[in-house]
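Peer 1:
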Amino acid sequence: MHDTEDMPADVDFDEDEPSFSDPEDFEDDVDDEELLGDLLREKPQEADGIDSVVVVDNVPQVGPERLEKLKNVIHKIFSKFGKITNEFYPTVDGPEGLTKGYIFLEYGAPTQALEAVKNADGYKLDKQHTFRVNVFTDFDKYMSISDEWETPEKQPFKDFGNMRHWMEDPDCRDQYSVIYESGERTAIFNNDAKDPIVSEERARWTETYVRWSPKGTYLATFHQRGIALWGGEKFKQIQRFSHQGVSLIDFSPCERWSHDGKFFARMTQDTLSIYETPSMGLLDKKSLKISGIKDFSWSPGDNIIAFWVPEDKDIPARVTLMQLPSRQEIRVRNLFNVVDCKLHWQRQGDYLCVKVDRTPKGTQGVVTNFEIFRMREKQVPVDVVEMKGDPESKTAESIIAFAWEPNGSKFAVLHGESPRINASFYHVKNNGKIELIKMFDKQQANSIFWSPQGQFMVLAGLRSMNGALAFVDTSDCTMMNMVEHYMASDVEWDPTGRYLVTSVSWWSHKVDNAYWLWTFQGRLLQKNNKDRFCQLLWRPRPATLLTQDTIKVIKKDLKKYSKIFEQKDRLSQSKASKELVDKRRSMMEDYRTYREAALLQHDEQKAARLQLRGGVDTDELDSNTDDWEEETIEFFINEEIIPLGE
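Taking full-length UniProt numbering, I'd label the letters of the sequence shown as residues 1 to 646.
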């Protein structure tokens, strides 16, 4: 029952309801793609099993008598990518019954078919047969390609601005990125000895973490659907790369691939594939068959690749150095009783250290040797540094960390067991000897961090070792300072080697999240607390354009330049003081202006005050003296009796 008493009089309840039906002659010209395009594109496609089928071309043509042998060879190659559930070998009509040179293989899952395409395409069976492998569903894509050539549309030039604008900072300040508020905010700061200066700050810029490219040109952010690259003065988006659920990326040292961008490599089971740019094709159209290959690493200074292979029955383990593109093996080192190897290149590629873990007879545990390859000398001689353990108990020495000096021939090793951890410093000399130059015992450290410019380093006890920090000058192996950043989880040198940041990340520790700025000598400059601080990364600098001779001249005249820098620092401090004085003067001027306005208002309101107070002027102390009454009050303070004669 509806109450109509308060309804307007002009409401007609007998009026027919409006019709929302289309007229009889209406024609719907809106197609489904226009109306529901975004939903239709996400519509699941019908699957009939062909997405698990691969087509292998350039297969040898054989008769019935050799078909079984061919199938065994094919199975041996392709079954490693997954179970083959079906196969078909088409044959030519005729008495010979030769196969046609291509076959169909069906796997149990589409992912296995993709793995087969990725690893077997380009596989060289013999001199006449190199496999070409495609997913069967790709043929629909190839069939839809038009036979008529269409000129590609010319893409407009996109100006991203100066991609190295931060290098033009007049005060030569470096930048660093900071993620905080548990990843909700990301900021780029200009480093300053007094306080960091915000350059750019955004909410939800990345979903996990960020990475700088090796020369600092790009900032990579991580997202569920892929990677985005940012750069330029305002950090515009340069490029996007779709890759669902990406969690790790890596840049080449030159922001391309190998040290000069000519090659890149990919390791799969028993295979090392080397590709050349810009064609992205397989070098010499074939991969290297290396049975049991465990790891590889590019030289930072040359087109040389190092890889190692473990022992196999009576065949020793070996480390191989290969020159590219010739594929010449310039050095092979055989190793025995090997458990594991780690490859450590010196940053300029002058040396390669292979950390070799062995289990020799008569020794308990693992013994470690460092095999030092001198890359700049003829035939690449190798020196060995043996880390000896306790001779009485015949136990091996545990290796905690190893690191090369970036620009030099020294390396540092942390070894031993807590709390007796030793830090040893070695020098690779020109006469072919490796000299132990210093050992610090009883160090609270589990990580080594060299300054990018060499000479200075920090021995850090991160996370479980409560953030102990030892600042060392390796020119004379003196301990410059020993400090602590409690529960520090990360250490980052700035590109110049003048500053160091230690931090407690929210990702590893939920309290005391902050980053501290130190000088290279271990003097604390700043404590920056950030809510749920996560990550700090310095922005790298590209290599200097100065020649080595020019750098030597600058170092020779460093005292002259130091005076200029010291004067600039004093001017900077004076500038800061002047800014403070100017701020105070501005505040005083604001006060004077306010006081004058208040006095003017006070004078304007005097008549109103007299009226409210019955004509009595209370603004002055000596006003209305006729109404004053004088009153005298006496107080007894003290009485003192002094005897006569005193």
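Yeah, the Cβ is synthetic: ideal placement off N, Cα and C, and Gly gets one too. As the structure is a computational prediction, the values presented were derived from the model and not from experiment.
(1) I'd like to know if the region 172-181 and the region 517-525 are in contact, where contact means that at least 3 CB-CB pairs between them fall below 8 Å.
(2) Determine the DSSP secondary structure at glutamate 631, reduced to helix, strand or coil.
(3) Taking the runs of the beta strand (DSSP E) that are 3 residues or longer, which of them lie wholly in the region 321-356?
(4) Check whether the region 55-64 and the region 91-98 are in contact - that is, three or more C-beta pairs closer than 8 Å.
(5) Would you say isoleucine 145 reaches chain D, if we count a Cβ-Cβ gap shorter than 7 Å as a contact?
(6) Could you check what DSSP says for tryptophan 493 in three-state terms: helix, strand or coil?
(7) Could you spell out the range, first to last residue, of the alpha helix (DSSP H) harbouring asparagine 369?
(8) Nearest CA to the CA of lysine 294: which residue from Val309, Val319, Ile305 and Gly281?
(9) Express the C-alpha separation of isoleucine 633 and glutamate 639 in angstroms, rounding to a whole number.
(10) What is the residue span of the beta strand (DSSP E) that lysine 410 lies within?
(11) Distance, Cα to Cα, residue 650 vs serine 297?
(12) Alpha carbon to alpha carbon, how far is isoleucine 249 from residue 647? Give it in angstroms, no decimals.
(13) Between leucine 324 and asparagine 303, how many whole angstroms is the CB-CB distance? I'm expecting something under 8 Å.
(14) Tell me the DSSP bridge mates of tryptophan 298?
(15) Please list the terminal residues of the continuous alpha helix (DSSP H) segment that includes glutamate 115.
(16) Report the rounded CA-to-CA distance for phenylalanine 235 versus proline 540, giving the unit in angstroms.
(17) Can you look up arginine 185 in the DSSP assignment and give me helix, strand or coil?
(18) Determine the contact status of alanine 412 and isoleucine 434, defining contact as a CB-CB distance below 7 Å.
(19) Under 8 Å Cβ to Cβ from isoleucine 641, same chain only, skipping five residues before and after it: list those, please.
(20) Measure the Cβ-Cβ separation of phenylalanine 81 and phenylalanine 104 and say whether it is below 7 Å.
(21) For threonine 208, collect the residues of the same chain with a Cβ closer than 6 Å to its Cβ; drop the 5 residues on either side in sequence, then sort them by chain order.
(22) Within the continuous alpha helix (DSSP H) that includes asparagine 72, where are the two ends?
(23) State the DSSP-derived secondary structure class of arginine 266, mapped to helix, strand or coil.
(24) Give a yes or no on whether the C-beta atoms belonging to tryptophan 450 and alanine 403 are separated by under 7 Å.
(25) The alpha helix (DSSP H) that contains leucine 610, what's its start and end?
(26) Below 8 Å, how does it come out for the region 159-167 and the region 137-150: are there three or more Cβ pairs, yes or no?
(27) According to the neighbour-count rule (16 or more other Cβ atoms, all chains shown, within 10 Å of its Cβ), is serine 247 buried or exposed?
(28) Any idea if leucine 469 is buried or exposed, counting beta-carbon neighbours within 10 angstroms, 16 or more meaning buried?
Peer 2: From the atom records:
(1) no
(2) coil
(3) Every unbroken stretch of the beta strand (DSSP E) spanning 3 or more residues and falling wholly within the region 321-356 is given here in chain order: 328-335 and 338-345.
(4) These segments touch.
(5) The question asks about chain D, but that chain is absent: this structure has only one protein chain.
(6) strand
(7) No alpha helix (DSSP H) contains asparagine 369, which is instead part of the beta strand (DSSP E) from 367-374.
(8) Val309
(9) 18 Å
(10) Run containing lysine 410: 410-417, per the beta strand (DSSP E) assignment.
(11) In this structure the chain extends from 1 to 646, so residue 650 is not present and cannot be described.
(12) The shown model of the chain, from 1 to 646, leaves out residue 647, and the question about it has no answer.
(13) 5 Å
(14) Beta-bridge pairing by DSSP links tryptophan 298 to Ile305.
(15) 110-120
(16) 16 Å
(17) Arginine 185 falls in the strand class under three-state DSSP.
(18) no
(19) Counting only Cβ-Cβ distances below 8 Å, and skipping sequence neighbours, we find nothing.
(20) no
(21) Phe222
(22) 64-78
(23) strand
(24) yes
(25) 606-612
(26) No, the region 159-167 is not in contact with the region 137-150.
(27) exposed
(28) buried
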